[in-house]
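A quick write-up on the structure given underneath.
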Amino acid sequence: MKELLIVDKLHKTFKLSSKQQKIEHTSDKVKTAVGGISFKAYEGEVFGLLGPNGAGKTTTLRMLATLIKPDGGDALVDGSSIVNNADKVRQKIGFLTSELKLEEYFTPNYLYDFFSELHNVPNDIREKRKNEIFTLFGIGKFAEVKVADLSTGMKQKVSLAVSIVHDPDIIIFDEPTNGLDVLTARVVTDFIQTLKERGKTIIVSTHIFSLIERVCDRVGIIINGKMIMCDTLENIKAGQSLEDRFFDIYKETVGEEV
Amino acid sequence: MKNTIITILKKELKRFFSDKRMAFTTIFMPGIMIFIMYSFMGDAISGMVSVDDEYVYKIESTYMPESIRTLMDGAGISGGIKDVDAEAGEAAKEKISRNEDELDLYIVFPENFENDIAAYDSASGNKAPEVQVYYNSASTESQTVYKIFTEMMDSYESAMTNKFDINHDENVKYDLANEKDAAASVFSSLLPMLLLMFVFSACMAIGPESISGEKERGTIATLLVTPAKRSHIALGKIIALSIIALLSGMSSTIGTLLSLPKLANVENTGMETNVYGITEYLMLALIMLSTTLLIVTLISIISAFAKSTKEAGTYITPLMIVVMLVSLSGMFVDGSKTELFYYLIPVYNSVQSMTGIFSFDILPSGMAASVASNIVYAGIGVFILTRMFNNEKIMFNK
């Protein structure tokens, strides 16, 4: 299998203000958000990053999406380095996170066209893709409604549609079902399955066990900026439920204070 | 990839123009407001200094000779004359000082005025007969009739001892300043400042919204994960903002030009306002274009640095004060500078060039230097803005 994503000892630190130092009871001026994470994702698989809040999942994904630069290490996205060839990486990935907002003033239809143009998608292909995804997500009815007037679930579906206008081979989802009702969450989960069936490589970060169990082939567990374990879902579970297994691993790593 | 600039540009313009309220308040409102305000100011100013044609001046006088009364008839101020005794003088002065429109003027002649002036010899060194005129400078009517009366008396006096005249022939034009120059001096002192302020306030209204606003709402990040080049995003935004700022500036300028005749009280001064030709307007357009690009770039950089639109507004204020002070400099300096160096100082070069254009003595090399240097500065600004878009600490500093 082709290694479509190779993450090599990614490192990211943030400066702490003196106030933050007090809150965290530390005299360190920098906080390590991601401390040398490495993993690989193969073509056509869904790779899950599992970890508690603040473990460094989002920071890792933001580095992969070239929104922020790593302090050390590198990652190759289909052969392009996120450090030296960020422009190329941006053409190859789709990135969905609640942090990326759509301009509320515009309609889904306009935004889809706008981002297609930024990705240099030819008009005929754009119309075909738009029709397909708007039908799949039921956006069609709301195509000319300003994003501001859409429900949270519909906004998330539009964000999802817009993030993959260029039909990328690697799609990065940061907490894709957060804040969604069960119906919309289901649509998103099903869509991840569909993408996988089409041979896309998907990186998904979440702290929701059921999501991992439903869609992921392999899982990396991140705690305190470190990759604690990285293996197939079956090997990680080792016969237990993922939830029980995760707590065991967490206790081994951090100690009893869960 | 060049069409990324166009894509961003179109999006910014669509965002602006399809929001009718925003488009109206930024583009049409300034022009309309300025027109109404300046017209009103012009009317108010001329209303303050002029007296209604129908007004009958209330004058009291003591010992007024018939000859003067005839003269006052001729000057149209005799309608309300009342003769009073010398003892009533104090009461008259009292009425004038109260400024309640009871009395505008109190005139006291010597008892035998006509005989006195006939007998007076200016070579004798004696005190000349005196006419006392009491008035109130705080009252427009009193002030006006005082002026009419004293001028009338002056010409009466010179008519009696006429030895020579100055500029007597009404058919000869003695003031050799042409109307073009008169207008030029008014325009060149006022317009550079006004134009700069209009463009600056337009930029200030839209720049922070487009850049800090997108940062604040998290929509800029969505743009930044696309392969669109940062420099293209920066250019697209700056061009779009410049177009809007220019439109707004034009609206304000049209408002000013339409109301200027009223503001400058053209009817009374006979000033010609339509003195500029196509060359002047073209040069002006060039200067305004390059200046707008520069100002938009400056404001964009500040906005990219700020965390929110509110913060951007705070940061822009000092820049506004500087631009305001520099643009005021045009009002106090006579004519434009001839040293090329001055045309390389941002903002000041625009003021100098505009002063030159409006007063018909533009230095062509200075004008070229201004436009070129503004474009170079804007280019440096775009480069800085691109670097800022690439800097995660600036783009994601929440």
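Residue numbers (my numbering), protein chains in the order written: chain Y, 1 to 258; chain A, 259 to 656.
We put the CB at the ideal spot given by N, CA and C, even for glycine.
Quick one: measure Cβ to Cβ for Y:Leu-4 and Y:Ile-170, integer angstroms, because I've assumed they're closer than 8 angstroms. Taking a contact as a CB-CB distance under 8 angstroms, the pair Y:Leu-4 and Y:Ile-170 counts as one, their CB atoms being some 6 angstroms apart.
I want to know whether the segment 343–363 of chain A touches the segment 401–411 of chain A - three or more CB-CB distances under 8 angstroms. yes
Span of the beta strand (DSSP E), counted from its first residue to its last, around A:Ile-317: 316–320
With 8 angstroms as the threshold, decide whether the Cβ of Y:Lys-200 is near any Cβ in chain A. no
In its own chain, which residues sit with a C-beta less than 7 angstroms from the C-beta of Y:Thr-232, not counting the 5 before and 5 after it? Asp-217 and Arg-218
To the nearest angstrom, report how far apart A:Ile-354 and A:Glu-318 are at their CA atoms. Roughly 10 angstroms separates the two Cα atoms.
A:Met-546 to A:Ile-536 span [Cα, whole Å]: Taking the straight line joining both Cα atoms gives about 15 angstroms.
Checking 8 angstroms against the spacing of the C-beta atoms, do A:Phe-563 and A:Ile-652 come in under that value? Going by C-beta atoms, A:Phe-563 is nearer than 8 angstroms to A:Ile-652.
How long is the line joining the alpha carbons of Y:Val-158 and Y:Ser-116, rounded to whole angstroms? Y:Val-158 and Y:Ser-116: Cα-Cα distance of roughly 13 angstroms.
Less than 8 angstroms between the CB atoms is what I'm expecting for Y:Gly-225 and Y:Ala-55, so what's the real figure, rounded? 7 angstroms
State yes or no: is the beta carbon of A:Ala-486 nearer than 8 angstroms to at least one beta carbon in chain Y? yes
So does the segment 8–22 of chain Y actually touch the segment 178–187 of chain Y, counting three or more Cβ pairs closer than 8 angstroms? The segment 8–22 of chain Y vs the segment 178–187 of chain Y: no contact.
Check the C-beta distance from A:Gly-476 over to Y:Leu-100 and give it rounded, since I have them as a contact under 8 angstroms. Yes, A:Gly-476 and Y:Leu-100 are in contact; Cβ-Cβ is about 7 angstroms, under 8 angstroms.
Cβ shell of A:Ser-509 (< 7 angstroms), same chain only, five flanking positions each side left out: The answer, listed in chain order, is Ile-285, Phe-286, Pro-288 and Gly-289.
Just checking my contact of Y:His-207 with Y:Gly-51 at CB under 8 angstroms: how many whole Å lie between their CB atoms? About 7 angstroms; that satisfies the 8 angstroms criterion.
For the alpha helix (DSSP H) that contains Y:Val-204, what are its first and last residues? Counting along the chain, Y:Val-204 falls outside any alpha helix (DSSP H), though it belongs to the beta strand (DSSP E) covering 201–206.
Measuring only the C-alpha atoms, how far is Y:Val-258 from Y:Lys-251? With a pLDDT of 48 at Y:Val-258, under the threshold of 50, the modelled position of this residue cannot be trusted, and the question is left open.
Are there 16 or more other CB atoms within 10 angstroms of the CB of Y:Ile-203, so buried, or fewer, so exposed? buried
Once DSSP output is grouped into helix, strand and coil, what is the label at A:Tyr-573? helix
Hey, how far is the Cα of A:Asn-394 from the Cα of A:Val-309? 15 angstroms
Rounded to whole angstroms, what is the Cα-Cα separation between A:Ser-413 and A:Leu-515? 40 angstroms
For a quick check, are the C-beta atoms of A:Ile-253 and A:Ser-561 less than 8 angstroms apart? What the structure shows of chain A is the stretch from 259 to 656, and residue 253 of chain A is not part of that stretch, so it cannot be assessed.
So that I know if they touch, is there some Cβ in chain Y lying closer than 8 angstroms to that of A:Arg-475? For A:Arg-475, the answer is yes, since a Cβ of chain Y falls inside 8 angstroms of its Cβ.
For the segment 315–330 of chain A against the segment 367–384 of chain A, do three or more pairs of beta-carbon atoms, one drawn from each stretch, fall closer than 8 angstroms, so that the two count as touching? Enough Cβ pairs lie closer than 8 angstroms, so yes.
Reduced DSSP secondary structure (H/G/I, E/B, other) of Y:Leu-180: coil
Would A:Ala-479 count as contacting chain Y if we go by Cβ distances under 8 angstroms? yes
Please list the residues of the segment 94–125 of chain Y that have a C-beta atom closer than 8 angstroms to any C-beta atom in chain A, keeping them in chain order. Phe-95, Glu-99, Leu-100, Lys-101, Leu-102, Glu-103, Glu-104, Tyr-105, Phe-106, Tyr-110, Phe-114, Phe-115, Glu-117, Leu-118, His-119 and Asn-120
For A:Gln-390 and A:Val-342, what's the separation of their Cα atoms in angstroms? Our two residues, A:Gln-390 and A:Val-342, have alpha carbons roughly 14 angstroms apart in a direct line.
Interface flag, Y:Ile-221 vs chain A, CB-CB below 8 angstroms: no
Beta-carbon contacts of A:Tyr-321 that lie in its chain and below 6 angstroms, excluding the five residues immediately before and after: Phe-367 and Glu-369
Would you kindly work out how many angstroms separate the C-alpha atoms of A:Thr-419 and A:Tyr-378, rounded to a whole number? 12 angstroms
At a CB distance below 9 angstroms, what residues from the segment 266–296 of chain A approach chain Y? Give them in sequence order. Ile-266, Lys-268, Lys-269, Lys-272, Arg-273, Ser-276 and Asp-277
Can you tell me where the alpha helix (DSSP H) holding A:Gly-332 begins and where it ends? 324–333
What is the residue span of the beta strand (DSSP E) that Y:Lys-157 lies within? Looking at the DSSP string, Y:Lys-157 is not in any beta strand (DSSP E); the run it does join, the alpha helix (DSSP H), is 152–163.
To the nearest angstrom, how far is it from the Cα of A:Leu-552 to the Cα of A:Gln-610? 16 angstroms
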